[in-house]
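Contents: one structure, followed by commentary.
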Amino acid sequence: IRLLIAWGAADPGPDAAREKQLRTALCDEERPGSVLSCIRAAQRTAASLRERLSPHTWRLLADLGGALRPPPEPAAEATIPEGTEAALRLLSALAGLMQENMVRGPGWRFLEMGRRVERAVATCRAARALAGEDAEPGDLEALLDVVDSQITYRSRYIAGLALAPVRDLVVLDPFNPRSVAFQVGALGDHLGALPPLREDGLPERPLRLAQNIAATLTAFDARTIGNPALLTIEQTLMTLADAIGDRYFPHGAHAARPEKLAGLA
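Each step along the sequence shown adds one to the number in the working numbering, with nothing skipped, and position 173 is 212.
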């Protein structure tokens, strides 16, 4: 609930209002961080690009809004879990379409980078909330559910839930496609494949930031990494997102321009 409030998806309130908070986080279009609000934003963006979207993609986006439309009372509590499961299936199908059908040009790289930054930031926040020093087994299990890593954890560790292995899998494992380290590695790959502005061969600021985060994660120990370190990683990821926007989507007369060599010595 604290995470939903921090994301702007729910209002602060007593435990008795928990069901209302969850319903708000899912179905309230007026809340900027709610699921339905995010879906509406995606639909508005898609409307300006409709001629570039396949009929299947457009249909999935339209169905997403319907799956989480606020249900009428008093059937709301019974309908919301069904709508949530349907939305998850539609989101998985939409992600599959993007992964299988989108041309691997620069546009795809920016889409991927946005997704990787969002996933890494969300995972850091979830780890800070659920994998602190006082975390209980229920907290760790919830974190594994959030990052969809229950099966991987159970197949790797047979001794049960423990804090350090969960942190390692969720934050530091470069081979887990839902970990923070995996997202940072993918960001570095995409940034390294984009054309540079300068001709000196030195990495530009977004790539340097991604490499710095990757090196920091490599040096961490899962037994000692704590919330302050995770908060630093999260803040650096937000700085990286701003740096990518400043570098590749410049505005104004002072925007960076490609360097042109005047000649050879």
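Positions of the beta carbon are idealized from the N, C-alpha and C atoms, including for glycine.
C-beta contact flag for residue i and residue j at 8 Å
| i | j | result |
| --- | --- | --- |
| L65 | L107 | yes |
| R217 | V186 | yes |
| A85 | L92 | yes |
| L150 | E180 | no |
| S188 | V210 | no |
| A249 | L279 | yes |
| L182 | A198 | no |
| P234 | E243 | no |
| P213 | L230 | no |
| E273 | C163 | yes |
| A48 | S73 | yes |
| A132 | R206 | no |
| L130 | H95 | no |
| L306 | I78 | Absent from the model: residue 306. The displayed extent of the chain is 40 to 304, so no value can be given. |
| G265 | E172 | yes |
| L276 | A168 | no |
The alpha helix (DSSP H) enclosing residue i, as first and last residue numbers
| i | result |
| --- | --- |
| W97 | P94 to A106 |
| F221 | V219 to A232 |
| S76 | V74 to A86 |
| D285 | N266 to Y287 |
| N336 | This structure leaves residue 336 out entirely; the chain is present only between 40 and 304. |
| R206 | L202 to R206 |
Q: Specify whether the segment 152-167 and the segment 223-233 touch according to this definition: at least 3 beta carbon pairs, one from each stretch, less than 8 Å apart.
A: yes
Q. Per the contact definition of three or more C-beta pairs closer than 8 Å, is the segment 250-259 in contact with the segment 122-136?
A. no
Q: Jot down the residue ranges of each uninterrupted beta strand (DSSP E) in the segment 148-193, minimum 3 residues, whole runs only, in chain order.
A: none
Q: Could I get the ranges of all uninterrupted alpha helix (DSSP H) runs contained in the segment 43-74, with 4 residues as the minimum, in chain order?
A: 57-66
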